[in-house]
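Per the numbering used here, the sequence shown starts with residue 2, numbered consecutively.
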Amino acid sequence: MPSVKKRGDTYRIMVSQGYDIYGKQIRKTTSYRPPEGVTEGKAEKLAMAYAFEFEKRCQGMVNMNENIRFSELAQWYYNQVAVHKLKPTTYANSRTLMDLYVLPYIGNMKLKEINTARIDALFNELYRDGRKKETYKLRDVATLEYGTRKPLARKSGVNMNTLRTLGNGGTVIKETAERITDALGVKLKEVFIAEEIGGGLDVGTIKRIRTALSPIFSTAVKKELLLKNPVTNATTPSGEEKERFYLDAEQCKELITFLDELSNPQLPRVIKTLIYTGMRVGELTALHWDDVDLDKAMITVKYNLYRLDGEYQLSTPKTKSSARVIALPPQLVQILREQKAWQDERRKAVGNRWMERGAVFTGSYGEYMAKTYINLQFKQLLKKHNFPDIHIHDLRHANASLLINMGVPVKVISEHLGHRDTRTTETIYAHVFAETMVQASNAISEALSTVES
2 MPSVKKRGDT YRIMVSQGYD IYGKQIRKTT SYRPPEGVTE GKAEKLAMAY AFEFEKRCQG
62 MVNMNENIRF SELAQWYYNQ VAVHKLKPTT YANSRTLMDL YVLPYIGNMK LKEINTARID
122 ALFNELYRDG RKKETYKLRD VATLEYGTRK PLARKSGVNM NTLRTLGNGG TVIKETAERI
182 TDALGVKLKE VFIAEEIGGG LDVGTIKRIR TALSPIFSTA VKKELLLKNP VTNATTPSGE
242 EKERFYLDAE QCKELITFLD ELSNPQLPRV IKTLIYTGMR VGELTALHWD DVDLDKAMIT
302 VKYNLYRLDG EYQLSTPKTK SSARVIALPP QLVQILREQK AWQDERRKAV GNRWMERGAV
362 FTGSYGEYMA KTYINLQFKQ LLKKHNFPDI HIHDLRHANA SLLINMGVPV KVISEHLGHR
422 DTRTTETIYA HVFAETMVQA SNAISEALST VES
């Protein structure tokens with residue numbers, strides 16, 4: 002429902018369109034001046050009618066034309082089109098790419114100003130410079146310890162989930178950080194650290210941005226706002242895609258030896274579970290005790306956890322085949338028993354502050370554990386030990402690589418990872434399979450070498 006407030010002889014109208022990925026509320030505002038001579042009651046009715054019409058325009062973009070800005074088109078696309086067409090995780094990832102990489106560059110441009118040459122320039126800027134928008138993380142996560150978040154949320158206007166993410170080591174844009182420091186009455190640099198931008202993006206990321214961007218412009222073409230999609234003939238930079246790096250068995254063993262240095266006692270168990278199972282991180286953070294059978298040594302993957310508009314949501318896994326049963330090795334059964342015992346003790350310690358979700362791995366008070374927090378802690382540990390700079394998701398690839406090198410049939414690996422079919426597995430890990438073929442060839446050569454000598 003629109004908000005209508007009288008200011009002098011006009012009415013200020015505000016329509017909320019949800020929250021962006023940083024927890025910042027998205028608002029559209031306008032004003033209405035009633036005709037002279039009408040009574041106050043009549044003026045209020047007219048203002049309210051105008052407000053509802055304005056809300057309808059914001060939601061349906063009734064007045065869209067080539068002069069609207071790209072940010073308005075993107076907002077309409079996500080609210081009215083993508084939300085019905087895309088799987089929730091795909092939707093959330095697409096919005097993240099727009100907010101981080103595209104809107105800072107072309108968000109304020111009018112549609113009529115955006116052509117193929119401008120999209121070429123966008124891709125080149127991203128390849129050269131990376132994201133334009135600086136993000137910030139807390140110097141000390143204790144700043145947002147339990148009990149401080151609700152009052153701060155009310156005072157700053159930043160929603161609770163964004164504050165939880167910060168408390169778990171996540172980041173926010175500068176505007177959100179400033180709202181928090183204003184509410185705390187401190188300077189930005191006293192509480193926050195600016196994250197390094199990190200240089201240009203790799204070609205693979207730019208291709209994902211292109212995939213997210215193209216349907217937005219296709220929608221504009223269908224609405225007859227543009228004659229053609231400017232992304233269609235745009236050129237992606239020709240640099241090499243970032244090479245995937247997989248930990249081998251010895252590196253996985255070495256990694257496990259220093260996991261206990263992590264301050265959160267759950268994190269060593271989280272990382273070991275990812276190594277042993279090859280689960281996606283969102284599948285692990287969505288894992289509930291109801292889906293775990295330690296007596297039968299198996300878990301059932303039913304859900305995927307993602308964030309949308311600052312709220313955690315559960316959805317079905319990535320594909321139908323992603324819903325699967327994974328057998329657990331004895332070591333992992335013991336690890337999960339330890340996690341259960343630890344969680345029971347933690348629940349008793351915090352009492353009625355515990356928020357029961359039934360999740361296997363949680364935040365400090367039972368809330369879902371943030372993927373960004375896991376990855377941040379993981380990367381800091383790797384850096385400390387001069388380990389290869391990999392993402393937490395790469396543990397899934399390490400699991401797959403280990404299985405391939407052990408000669409496990411590709412069909413079994415495909416089912417274990419929850420791929421749509423064996424072709425997906427063979428495509429993603431083509432170079433690993435190629436290496437095993439070379440090893441097989443060398444083994445045959447060595448076995449028969451005495452025959453020809």
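Quick reminder that beta carbons are idealized off the backbone N, C-alpha and C, glycines included.
Nothing here was measured: the structure is a model prediction, and the numbers come from that model.
- Secondary structure at Glu196: coil, using DSSP grouped into helix, strand and coil.
- If you ignore the 5 residues before and after Arg13, its C-beta comes within less than 6 Å of the C-beta of Lys6 and Ser32, all in its own chain and listed in chain order.
- Our two residues, Thr11 and Leu74, have alpha carbons roughly 28 Å apart in a direct line.
- Counted as a single uninterrupted DSSP element, the alpha helix (DSSP H) harbouring Thr286 occupies residues Val282 to Thr286.
- By DSSP's assignment, Ser316 forms a beta bridge with Asn305.
- Non-local beta-carbon contacts of Phe379 in its own chain, meaning distances under 6 Å to residues more than five positions away in sequence, involve Ile393 in chain order.
- With a 10 Å radius around the Cβ and a threshold of 16 neighbouring Cβ atoms, Trp77 comes out buried.
- For Leu139, there is no enclosing alpha helix (DSSP H); the enclosing beta strand (DSSP E) covers residues Thr136 to Leu139.
- In this structure, the straight-line span from the alpha carbon of Met2 to that of Phe53 is close to 8 Å.
- Taken in chain order, the complete beta strand (DSSP E) segments of 3 residues or longer contained in the stretch 58-139 are 136-139.
- Under a 10 Å Cβ-count criterion, Gln335 is classified as exposed, with fewer than 16 other Cβ atoms of the shown protein chains found around its own Cβ.
- If you ignore the 5 residues before and after Val271, its C-beta comes within less than 8 Å of the C-beta of Leu285, Phe362, Met370 and Ile375, all in its own chain and listed in chain order.
- At the C-beta level, Gly419 and Arg325 come within 8 Å of one another.
- Residues Arg397, Asn400, Ala401, His417 and Leu418 of the same chain have their beta carbon placed closer than 7 Å to that of Gly279, with the five preceding and five following residues left out of the count.
- Annotation note: the stretch 358-432 contains no uninterrupted beta strand (DSSP E) run of length 3 or greater.
- Per the coordinates, the alpha-carbon of Arg348 lies some 18 Å from the alpha-carbon of Asn169.
- Residue state for Val39 is assigned as coil, using DSSP reduced to three classes.
- In this chain, the alpha helix (DSSP H) harbouring Val204 covers Val204 to Lys223.
- The shortest CA-to-CA distance from Gly171 to any of Leu383, Glu196 and Arg180 is the one to Glu196.
- Contact between Phe246 and Ile391 holds: their C-beta atoms lie close to 6 Å from each other, under 8 Å.
- Following the DSSP letters along the chain, one finds Ser157 inside the alpha helix (DSSP H) bounded by residues Arg150 to Ser157.
- If you draw a straight line from the Cα of Trp355 to the Cα of Thr149, it is about 15 Å long.
- Of the other Cβ atoms in all chains shown, 16 or more fall within 10 Å of the Cβ of Gly283; this residue is therefore buried.
- Per DSSP, the beta-bridge partners of Ser32 are Arg13.
- Put simply, the backbone Cα of Cys253 is about 42 Å away from that of Thr233.
- Straight-line spacing of the CA atoms in Pro410 and Thr423 works out to 10 Å.
- Taking a cut-off of 8 Å for Cβ pairs, the stretch 204-212 and the stretch 115-130 touch, as three or more such pairs fall below it.
- Between the alpha carbons of Phe218 and Pro231 lies a distance of about 7 Å.
- In this structure Asn305 touches Thr90 by the C-beta definition: roughly 6 Å separates them, less than 8 Å.
- Contact between the stretch 172-180 and the stretch 129-148 is established, with three or more Cβ pairs separated by less than 8 Å.
- Per DSSP, Ala328 is one residue of the beta strand (DSSP E) stretching across Arg325 to Ala328.
- Val173 is the residue among Tyr307, Val173 and Ile115 whose C-alpha sits nearest the C-alpha of Leu189.
- If one requires a minimum length of 3 residues, no beta strand (DSSP E) run lies completely within the stretch 330-361.
- Just measuring C-alpha positions, the residue of Tyr102, Lys113, Asp296 and Lys303 sitting nearest Glu225 is Lys113.
- Bounds of the alpha helix (DSSP H) holding Val271 are Gln267 to Thr278.
- In this model, Gly367 and Thr236 are separated by some 47 Å (Cα to Cα).
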